[in-house]
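Visitor:
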Amino acid sequence: MIDFGNRLSRLKDRRQGTKERVLFENNMASYTNYDPRHQENYELLAENAAIKYTIGAMAEVDPASTKISIDEGDRVANTLISLLRTAGIHAAKEIQGSVALNIHIEGHSDVDMLILKDDIILVQTPRLDGASCYSTDQRPMVDIIKELRLQSELKLTSRYHQANVDCSGNKSIALVGGSLKRKVDIVPACWYHSHTYQQTGEKHDKEVRIYHKKEHALYGNHPFLHIKKVNEKDALYSGNLKRVVRLMKNLVADMPDYKKRVAKKLSSYDLTAIGYEMNEQLQCPIYMSLALVERLRTHLFLLFSFKSIRDLLFVPDGSRKVFDSEDKVEALGILYNEVSDLATSIYKSLQPFSNLQYDASTLVNKHVYF
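Residue numbering for the sequence shown follows our numbering, starting at 667 and increasing by one per position.
1) Taking ARG909 as part of the alpha helix (DSSP H), name the residues at either end of that continuous run.
2) In the DSSP assignment, the alpha helix (DSSP H) including ASP679 goes from what residue to what residue?
3) Count the CB pairs spanning the region 955 to 962 and the region 1018 to 1034 that are closer than 8 Å, and state whether there are at least three.
4) Give the secondary structure of ASN897 by DSSP, where H, G and I count as helix, E and B as strand, and everything else as coil.
5) Sorted by chain position, which residues of the same chain lie with C-beta nearer than 7 Å to ASN714's C-beta, five sequence neighbours on each side aside?
6) Have a look at PRO1018, LEU968, ALA1009, ALA725 and flag the residue whose alpha-carbon is nearest the alpha-carbon of VAL995.
7) Should LEU780 go down as buried or exposed, given a rule of 16 or more other Cβ atoms within 10 Å for buried?
8) Return the CA-CA distance between LYS973 and ARG848, expressed in angstroms with no decimal places.
9) Report the start-end ranges of each beta strand (DSSP E) in the region 749 to 809 that is 3 residues or longer and not cut off at the edges.
10) If I measure Cβ to Cβ from TYR903 and keep anything under 7 Å in the same chain, skipping five residues before and after, which residues do I get?
11) For a test of the three-state rule: what should DSSP assign to LYS987, helix, strand or coil?
12) Would ALA723 be called buried (16 or more neighbouring beta carbons within 10 Å of its own) or exposed?
13) Kindly confirm or deny that the region 755 to 775 and the region 910 to 925 touch, where touching means at least three C-beta pairs closer than 8 Å.
14) Leaving out the 5 sequence neighbours to the left and right, which residues in its chain are closer than 6 Å to SER991 when beta-carbon positions are compared?
15) Starting from the Cα of ARG909, find the closest Cα among ARG986, TYR953, PHE980 and give me that residue.
16) Starting from ILE721, follow the beta strand (DSSP E) in both directions and report where the run begins and ends.
17) Should PHE890 go down as buried or exposed, given a rule of 16 or more other Cβ atoms within 10 Å for buried?
18) Thinking ALA939 and VAL1005 are a contact (beta carbons under 8 Å), I'd like their distance in whole angstroms, please.
19) Rank ASP784, THR802, SER838 by C-alpha distance to the C-alpha of ARG815 and give the top, closest one.
20) Looking at the strands, I want to know which residues DSSP matches up with GLU868.
21) Please classify PRO792: is it buried, with 16 or more other beta-carbons within 10 angstroms of its beta-carbon, or exposed?
22) Quick check on the DSSP output: what are the complete alpha helix (DSSP H) runs of length 4 or more inside the region 828 to 897, in order along the chain?
23) Is it buried or exposed, GLY867, if we count other Cβ atoms within 10 angstroms and call 16 or more buried?
24) Beta-carbon within less than 6 Å of VAL765's beta-carbon, same chain only, minus the 5 sequence neighbours each way: which residues are those?
25) Is the beta carbon of CYS614 sitting closer than 8 Å to the one on GLU819?
26) Count the other C-beta atoms from every protein chain shown that fall within 10 angstroms of the C-beta of ARG963, then say buried if there are 16 or more, exposed otherwise.
27) So what's PHE980 in DSSP terms, helix, strand or just coil?
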């Protein structure tokens, strides 16, 4: 059985930071018994620990904490853009990733910031308006973005000398420590105007090409289309898509290391896609959120059991299949078992004297008000 006391403790540490960290950040003595962290709604529920954990694992992180992550990302990106300008490089910034979608599960979450070459773009040809394409910089775009990457490394290392600036990542430069309140990942890239974007002019149809340092190559990404599609479906189902994604991410975070190493083959992007394809199974009122556990359990069971169903699953922007490697299928099996264990544990907490191993209707019909 799951130790929900331990799970609740880990969940609180993840969402608000450890007691020691919060005491330190507020210049308070670390040896005090006082816990400055506030109690969240899920902790105040008149329910058992299994239900408190499940509702808490679905809940968004404190918006004030999320704002700090976004503000830190903006601050670092704006500083870098100004520094790049002194080297004659014009760039713009955009946020992407879990924080942008509000599906992050850590209060002190890192934030991904795209740094995009802003005065030269890649265009899918032939241009639909018939215009010619010309640039004063005749280098291949991959070389131009390599320069953006190298200059970003130089400027960030010099400017944030008290922080740890890790330039070893192939797609991002990671900054942590020093004056930074959050870890910030800087992702050098360029714009790509596809035929679709040329037709619509809508931001969500804009694509980017991210620079891969080791391979000296540009890789396509559709961050704004992904964000738009996930936000639209989440709104359609009253926030339940993001609740399911956060639940899966918290379950992975609470796995023992030997399971987590395998389960992490499914990225946050993949988990979002899995939740996205639940469709009408996401429909339920907020006071029946436990029904989402049972519906997720069924969804994962079908995906794991039938390759034909797995093969139909694409990421929200349609750019690739979710299960594009056998490692991800193994990860899916571990995730299914974890969700199944959670569902069974919730059932046992509600029906401790039942002779049944599990009855889905107990979760589906349970009301939790908060």
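From the three backbone atoms N, C-alpha and C, an ideal C-beta is built for every residue, glycine too.
Guide: In this structure, then:
1) Taken as a continuous stretch (DSSP letters only), the alpha helix (DSSP H) holding ARG909 covers 906 to 919.
2) From DSSP, the alpha helix (DSSP H) with ASP679 extends over 670 to 682.
3) Pairwise C-beta distances place the region 955 to 962 in contact with the region 1018 to 1034, as three or more of them are shorter than 8 Å.
4) In the structure shown, the three-state DSSP call for ASN897 is helix.
5) For ASN714, where only same-chain residues beyond five positions count, the Cβ hits under 7 Å are SER1015.
6) Between VAL995 and the set PRO1018, LEU968, ALA1009, ALA725, the nearest pair of CA atoms involves LEU968.
7) Around the C-beta of LEU780, 16 or more other C-beta atoms lie within 10 Å, and the residue is accordingly described as buried.
8) Spanning the alpha carbons of LYS973 and ARG848 requires a straight line of approximately 40 Å.
9) List check, beta strand (DSSP E) in window: 757 to 762, 777 to 789.
10) Same-chain partners within the cutoff: LEU948, GLN949.
11) The three-state secondary structure of LYS987, taken from DSSP, is strand.
12) Buried: at least 16 other Cβ atoms inside 10 Å.
13) Yes, the region 755 to 775 touches the region 910 to 925.
14) Closer than 6 Å at the Cβ level, and outside the excluded window around SER991, lies no residue.
15) Out of ARG986, TYR953, PHE980, TYR953 has the C-alpha closest to the C-alpha of ARG909.
16) Looking at the DSSP string, ILE721 is not in any beta strand (DSSP E); the run it does join, the alpha helix (DSSP H), is 715 to 724.
17) Buried, by the Cβ-count rule.
18) At roughly 16 Å, the Cβ-Cβ gap does not stay under 8 Å, so ALA939 and VAL1005 are not in contact.
19) By alpha-carbon distance to ARG815, the top candidate from ASP784, THR802, SER838 is SER838.
20) Partner(s): none; GLU868 has no beta bridge.
21) By the neighbour-count rule (16 or more Cβ atoms within 10 Å), PRO792 is not buried but exposed.
22) Segments of the alpha helix (DSSP H) lying fully in the region 828 to 897: 861 to 866.
23) Flag for GLY867 reads exposed.
24) Its chain contains SER735, SER775, VAL777 as the residues whose beta carbon lies nearer than 6 Å to that of VAL765, once the 5 sequence neighbours on both sides are disregarded; these appear in chain order.
25) Any answer about residue 614 is impossible in this case: the structure gives the chain only from 667 up to 1036.
26) So ARG963 ends up on the buried side.
27) Three-state result, PHE980: strand.
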